[in-house]
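Note that this note's numbering has the sequence shown beginning at 2, numbered continuously upward.
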Amino acid sequence: MSNHTVTITDNATGKSMICPVKMGTHGHPVIDCQALPKELGMFTFDPAFVTTASCESAITFIDGDKGILLYRGYPIEQLAEQSSFIEVCYLLLYGELPTPPQLEEFTWSVKKYTLLHEGLLGFYRGFRHDAHPMAMLVGIVGALSGYYHDSLDIKDPEHRHRSALRLVAKMPTIAANSYRYIMGRPFSYPRNDLDYVHNFMNMTFSIPSEPYVFNETAIRALEIIMILHADHEQNASTSTVRLAGSSQAHPFSCAAAGIATLWGPAHGGANEAVIRMLQEIAHPKNIPSYIERIKKGDFRLMGFGHRVYKNYDPRAKIIRESCHRLLTELNAEHLPLFETAMELERIALEDSYFIERKLYPNVDFYSGIILSALGFPLNMFTVMFAVSRTIGWVAQWMEMMDEPNMRIARPRQLYTGAAQRNYIPMSQRQTLKS
Ligand code: CMC
């Protein structure tokens, strides 16, 4: 137990309080100011919670200055190189790497739940043919609790665990079928003889009239994307899942809330924006003038910079190599979109504007290029993010539910509206002059 404390003094009243300082395994110390309202009658003001540690968590650690990302203590570089996505799911959920029998058992306990209730397919048919697949994902995941009544008691650890496995298992099936619906293809069913990523690719892209041929470099590229996106600490969608879960909502509804948050362009939509930007640039010869407009402040270079990673994004380093390998394998390096991307990356990394501001390519710069090379349409990019992040949401929700003192989340506010006043009867009201 550390005796590090911070004293907060209210200059107006002269009253002070001593706040304990808590240390995690890694990272910045945090001031425990929970007693502030009681001791000094005040709240903290922290819009967007950017300096608030909203929970204790043992799942993921990020050091933005040093470019470190750890899942349960393991560096992301080692996991991306040596692990499979399903093994990472096990690690995030249970805290340790599995032994071979544990992994086999876990893999089968997920596969057991890959199929969707046929009734859920009716939900797709209620959508317009050109609906955004994220809209389908929010709706269908939200509807799951209407179908799986044997796991609705969130106070029962067995039910919680079953719901967690169901979410991880069904998300690829739901995602693949949203793609198939907008493409006008028949719904597809999971194949449990395949592993998680092969099964997802098969469900998404196979057509009934011919066998689907796997490209192993493409499968590995997708698996790496999924490992890199599996969790990222208390980001907006994960915080949403925790907030919804704190009211004791069912995890299917919490996941639907997380998906809705992820949909926004400031969160899961950036890789889509990268491809739109590349399409707008159209040809490497247009890059210098495009960069000049960015430097003038007309707009930002999408896929560059990060709120937390200020030296480099460790995920970008890994995915960059994977991207180059894939483009070479697919013989796609000379397609205009990819040529433009590689030239843009080269020019930006040598430009003093980007160097001085420590703006490096982030994970989204490359993930969009890979997903595009794999044949995913733009509107499926965020869906892919959601499929990958489901395990993070589930692990964080499970961790929160296991806390003995879990309470409903209830942030406060700094009220700046009208001061208290009396109701004015309609007949006495005067129109406000502008
Ligand atoms: N292109 C051009 N200039 C930029 C960019 C960019 N992408 N990002 C930051 N800057 C400039 C910015 O204009 C400012 O310049 P100045 O000091 O002259 O005013 C300086 O760099 C610092 O910018 P900031 O807004 O304080 O940086 P931030 O940490 O608040 O922004 C960011 C982080 C990710 C929102 C931003 O870099 C950005 O908009 N990037 C493009 C969008 C993008 O790729 N988003 C995906 C991020 S990764 C998502 C994930 O991890 O899930």
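Beta carbons are placed, not taken as given, at the ideal position from N, Cα and C, and that holds for glycine.
Item, Value
"Counted within 10 angstroms of its Cβ, other Cβ atoms place His307 as buried (16 or more) or exposed", "buried"
"Outcome for Asp131 when other beta-carbon atoms lying within 10 angstroms are tallied against a minimum of 16", "exposed"
"Proximity test, Val388 beta-carbon vs ligand 1 heavy atom, cut-off 7 Å", "no"
"Outcome for Asp314 when other beta-carbon atoms lying within 10 angstroms are tallied against a minimum of 16", "buried"
"Residues of its chain near Ser247, where Cβ-Cβ distance is below 8 Å and the 5 sequence neighbours each way are ignored", "Met401, Met407, Arg408, Ile409 and Ala410"
"Presumed contact (8 Å Cβ cut-off) between Ser146 and Ser3, rounded CB distance", "About 43 Å; that fails the 8 Å criterion."
"Cβ contact check for the stretch 377-394 and the stretch 125-143: 3 or more pairs under 8 Å", "yes"
"Assigned secondary structure, Pro101 (DSSP; H/G/I helix, E/B strand, else coil)", "helix"
"Closest Cα partner of Val309 within the set His325, Glu293 and Val364", "Val364"
"Pro252 - containing alpha helix (DSSP H), residue span", "Pro252 to Leu263"
"Contact test: Gly369 Cβ vs ligand 1 heavy atom, cutoff 7 Å", "no"
"Nearest-angstrom Cα separation, counted from Pro21 out to Cys56", "16 Å"
"Local Cβ density within 10 Å of His118, reported as buried at 16 or more and exposed below that", "exposed"
"CA-to-CA distance, Thr417 to Gln431, given in whole angstroms", "24 Å"
"Close Cβ partners of Leu328 (< 7 Å) along its chain, the five nearest in sequence each way excluded", "Glu334, Phe339 and Ala374"
"Three-state class that DSSP yields for Leu195 in the structure shown", "coil"
"Any non-hydrogen atom of ligand 3 within 7 Å of Ala271 CB", "You won't find ligand 3 in this model; what it holds is ligand 1."
"Counterpart residues of Ser17 in DSSP-defined beta bridges", "Thr10"
"Pro362 - partner residues in DSSP beta bridges", "Phe305"
"Which of helix, strand or coil DSSP assigns to Ile63", "strand"
"Exposed unless 16 or more other CB atoms sit within 10 angstroms - verdict on Pro252", "buried"
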